[in-house]
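Asker: Residues in the sequence shown are numbered consecutively from 1, following this note's numbering.
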Amino acid sequence: MALLYGAKQILGKMAAVATTVRTDRQLARSTEVEILTPARPLQTIRLNAAFAPLVSPLPPSCLETPSMMSMAERQFLFGLANRYYAGKGIIVDAGIFLGASTRCFGEGFRSNPHRQEIIGKWPQPIVSYERAIVNPNMPDFFERHGLAFSAAQGESFESELRRNIAPVEDLVDLRIGDFMDATDIECPVEILFLDILKTPALSLRAFQRFHSKLIPGRSLVVHQDYFFEELPWIKTHQEALADYFEFVGEIGSSAVFLCTKQIPQGVLDGLENDVPPAEQLRLASIAMQRSADPARRFFMALSKVRLIRKLQGRVAARAYLELIKTEFPEQVAQTDNRRLVYALRRAEAFLARKPKKAPREGMRAAEQRGPPPLAGGNP
Ligand SMILES: C[S@@+](CC[C@H](N)C(=O)[O-])C[C@H]1O[C@@H](n2cnc3c(N)ncnc32)[C@H](O)[C@@H]1O
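1. Less than 7 Å between the CB of M69 and some heavy atom of ligand 1, yes or no?
2. Can you check whether the CB of P123 is closer than 8 Å to the CB of F109?
3. Note the first and the last residue of the continuous alpha helix (DSSP H) segment covering C385.
4. By DSSP, does Y129 sit in helix, in strand, or in coil?
5. Would you give the residue range spanned by the alpha helix (DSSP H) that R343 belongs to?
6. If you measure between the beta carbons of D93 and F78, is that distance less than 8 Å?
7. Report the CB separation of M288 from R282 in whole angstroms; it is logged as a contact under 8 Å.
8. Is the number of C-beta pairs between the segment 317–326 and the segment 260–278 that are closer than 8 Å three or more?
9. At what residues does the alpha helix (DSSP H) containing R296 begin and finish?
10. Return the residue from the list N112, A148, L161 and F149 that minimises the CA-CA distance to A132.
11. Answer with buried or exposed for G249, where buried requires no fewer than 16 other C-beta atoms within 10 angstroms of its C-beta.
12. Measuring CB atoms only, is the segment 220–232 touching the segment 190–208, in the sense that at least three cross pairs come out at less than 8 Å?
13. Here's the rule I'm using: 16 or more other beta-carbon atoms within 10 Å means buried, otherwise exposed. How should T183 be labelled?
14. Three-state secondary structure (DSSP) at S67?
15. Using alpha carbons as the reference points, say which of F149, I234 and L258 lies closest to D243.
16. If you compare alpha carbons, which of P232, S101, P57 and R353 is closest to R306?
17. Would A292 and Q331 be called neighbours here (beta carbons separated by less than 8 Å)?
18. From the DSSP output, in three-state form, read off D184 for me.
19. With A343 and E229 assumed to form a contact (beta carbons below 8 Å), what rounded beta-carbon distance in angstroms separates them?
20. State yes or no: is the C-beta of F247 within less than 8 Å of the C-beta of A255?
21. May I have the straight-line CA-CA distance separating G177 from S303, to the nearest angstrom?
22. Does G249 come out as helix, strand or coil in the three-state DSSP assignment?
The following block contains the structure:
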């Protein structure tokens with residue numbers, strides 16, 4: 001059943017992807033390529049023309065590992081390792097769950113035309129981070145994806161993760177354990193895929209660990225949770241560094257940024273001292289406008305509700321949520337769209353709850369979130 005579903009997704013997406021590449025060639029002078037499927041939130045792909053052709057069909061083996069990513073996001077990761085990655089630095093894959101992203105990177109790299117040369121420089125060009133401990137929603141994910149593997153909350157899923165990435169294990173430096181305790185890397189990072197920023201502390205640590213290693217004009221940061229309706233600190237941290245990046249697109253719930261200037265470690269260390277509240281709100285508004293997709297902007301507004309509650313309290317956050325409902329009438333009216341309904345319901349529930357400590361809040365909101373309520377979205 002899962003196989004059949006996967007095959008249907010491949011066929012559907014291959015058609016969409018072909019459109020992306022063709023459109024890119026036809027509109028050589030344009031800077032963006034868009035695929036509009038307005039009835040499906042997060043399905044619009046908008047990428048700078050240089051990156052759009054990277055979203056292309058991928059080998060079925062890349063789909064063997066169940067994932068919370070959309071098909072297009074997997075295709076993009078494969079394309080990055082296959083046709084973008086030049087070996088100027090390593091690929092970092094942080095928060096890999098069962099290993100789907102690492103598998104896409106690894107398989108993409110296998111047919112990278114410069115692989116021999118790159119391997120000479122970086123014998124294990126992919127560094128992957130994962131704690132591999134089952135959280136409360138994972139058993140349900142295992143079951144819904146029909147996995148033979150199962151484990152209870154608190155148990156390890158390392159064996160299943162290793163099994164999934166076995167075909168590319170020679171390329172991967174797998175770092176199992178708490179990311180907060182991981183040792184730093186010393187080399188440049190050319191591709192940084194982040195799906196681990198589930199708490200403000202994790203986000204800060206990742207920014208401080210990796211962002212000074214980015215190569216201006218070359219390195220890409222892919223934030224898998226950027227257009228997710230929670231985790232406001234990701235938007236704050238990334239947008240606080242806007243001077244060092246160019247936004248190059250949106251795909252699934254991911255936002256893609258190209259590093260354009262060396263980021264001094266001092267600037268990253270400064271993030272720790274918290275950005276002033278008014279500035280955080282301004283950055284959240286900038287982040288919201290990154291997307292051309294009204295559904296993504298709706299999610300970003302819901303993310304800002306969480307920030308407002310933290311900075312200004314529940315009354316202000318409630319007032320902002322009511323404003324959102326008037327500003328996004330089409331999204332609110334789509335009561336048959338489970339993804340939109342889910343996002344709004346989560347925001348309402350968040351405001352109804354008593355405030356919790358920030359780190360646990362973030363953890364519960366996303367890191368422990370379940371798999372996508374709709375195929376192709378995240379969560
Ligand atoms: C949303 S999931 C990643 C989903 C994955 N990208 C996919 O497509 O299936 C986030 C992952 O981050 C991991 N994680 C969360 N906090 C972590 C930490 N402190 N150290 C290491 N891994 C962590 C979780 O175990 C989880 O597998």
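All C-beta atoms in this analysis are idealised placements derived from N, C-alpha and C, irrespective of residue type, glycine included.
Answerer: According to the structure shown:
1. Translated into the one-based positions of the sequence shown, residue 69 becomes position 69. Result yes, Cβ under 7 Å from ligand 1.
2. In the sequence shown, residue 109 corresponds to position 109, counting from 1. In the sequence shown, residue 123 corresponds to position 123, counting from 1. For F109 and P123, no; Cβs fall outside 8 Å.
3. The question about residue 385 has no answer, for the chain in this structure spans 1 to 379.
4. As a working note, residue 129 is residue 129 in the sequence shown. In the structure shown, Y129 sits in a strand (DSSP, three-state: E or B).
5. Along the sequence shown, one-based indexing puts residue 343 at 343. Residue identity differs from the one stated: residue 343 is Ala in this sequence, not Arg. R338 to A352 is the span of the alpha helix (DSSP H), which, as asked, contains A343.
6. Within the sequence shown, residue 93 is the residue found at index 93, counting from 1. Within the sequence shown, residue 78 is the residue found at index 78, counting from 1. No.
7. Residue mapping note: residue 288 aligns to position 288 of the sequence shown, counting from 1. Residue mapping note: residue 282 aligns to position 282 of the sequence shown, counting from 1. That pair is no contact at about 11 Å.
8. no
9. Here residue 296 refers to the residue found at position 296 of the sequence shown. Run containing R296: P294 to Q312, per the alpha helix (DSSP H) assignment.
10. For the purposes of this step, residue 132 is taken as residue 132 along the sequence shown, with counting starting at 1. For A132, the nearest C-alpha among the options comes from L161.
11. Your numbering for residue 249 matches position 249 in the sequence shown. Classification for G249: buried.
12. yes
13. Taking the sequence shown and counting its residues from 1, the one referred to as residue 183 is at position 183. T183 should be labelled exposed.
14. The residue labelled residue 67 in the question sits at position 67 within the sequence shown. Three-state result, S67: coil.
15. Reading the sequence shown from its first residue, position 243 is the one you call residue 243. The option with the nearest alpha carbon to D243 is L258.
16. By one-based count along the sequence shown, residue 306 stands at place 306. Comparing Cα positions, the closest option is P232.
17. As a first step, residue 292 is located in the sequence shown; it is residue number 292 there, counting from the start. As a first step, residue 331 is located in the sequence shown; it is residue number 331 there, counting from the start. Cβ atoms of A292 and Q331: not closer than 8 Å.
18. By one-based count along the sequence shown, residue 184 stands at place 184. Note: D184 maps to coil in three-state DSSP.
19. Translated into positions along the sequence shown, residue 343 becomes position 343. Translated into positions along the sequence shown, residue 229 becomes position 229. Sure, about 5 Å apart at Cβ, within 8 Å.
20. To locate residue 247, count along the sequence shown from 1; it is residue 247. To locate residue 255, count along the sequence shown from 1; it is residue 255. Yes, the Cβ-Cβ distance between F247 and A255 is below 8 Å.
21. Working through the sequence shown from its first residue, we reach residue 177 at position 177. Working through the sequence shown from its first residue, we reach residue 303 at position 303. Rounded to the nearest angstrom, the two C-alpha atoms are 28 Å apart.
22. Stepping through the sequence shown from its first residue, residue 249 is reached at position 249. Reduced to three states, the DSSP call for G249 is strand.
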